[in-house]
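Under UniProt numbering, the first residue of the sequence shown is numbered 1, with each subsequent residue one higher. Cβ coordinates follow ideal geometry from the N, Cα and C atoms, glycine included. These figures come from a predicted structure and were not determined experimentally.
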Amino acid sequence: MCRNGSKSKYIVIDRPWSQMRLWFVLVMVNGVKHFVFTWLVFRVTVWIRNTLFLSMVHASFFLKKEVQYPLLARSSS
Numbered sequence: 001m002c003r004n005g006s007k008s009k010y011i012v013i014d015r016p017w018s019q020m021r022l023w024f025v026l027v028m029v030n031g032v033k034h035f036v037f038t039w040l041v042f043r044v045t046v047w048i049r050n051t052l053f054l055s056m057v058h059a060s061f062f063l064k065k066e067v068q069y070p071l072l073a074r075s076s077s
């Protein structure tokens, strides 16, 4: 793994394609982690917005729908 048997803190691979493949895998894993984290933050934000704000704003609408169409309101919630 290391040249001349010396203890190096860097990974040195003699074949350049293996080095490039290693960096490609690291960059791809980092990109996937970033994408998943961003998507989770977005979904949590949308969920908080839907549960808190929309329930407060549309409370009267949901109450009217419950009175007029009880089965529809129960199935949609």
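(request) Using the Cα positions of M28 and R21, report the straight-line distance between them to the nearest angstrom. (result) Position 28 of the sequence shown holds residue 28. Position 21 of the sequence shown holds residue 21. Answer to the nearest angstrom: the Cα atoms are 10 angstroms apart.
(request) Determine the direct distance from the alpha carbon of V44 to that of K33, and round the result to whole angstroms. (result) For the purposes of this step, residue 33 is identified with residue 33 of the sequence shown, where counting begins at 1. For the purposes of this step, residue 44 is identified with residue 44 of the sequence shown, where counting begins at 1. About 16 angstroms.
(message) Here's a check: name, in chain order, each residue in its chain whose Cβ is nearer than 7 angstroms to the Cβ of V41, leaving out the five neighbours to either side.
(response) Here the question's residue 41 lines up with position 41 in the sequence shown. Nothing meets the Cβ criterion.
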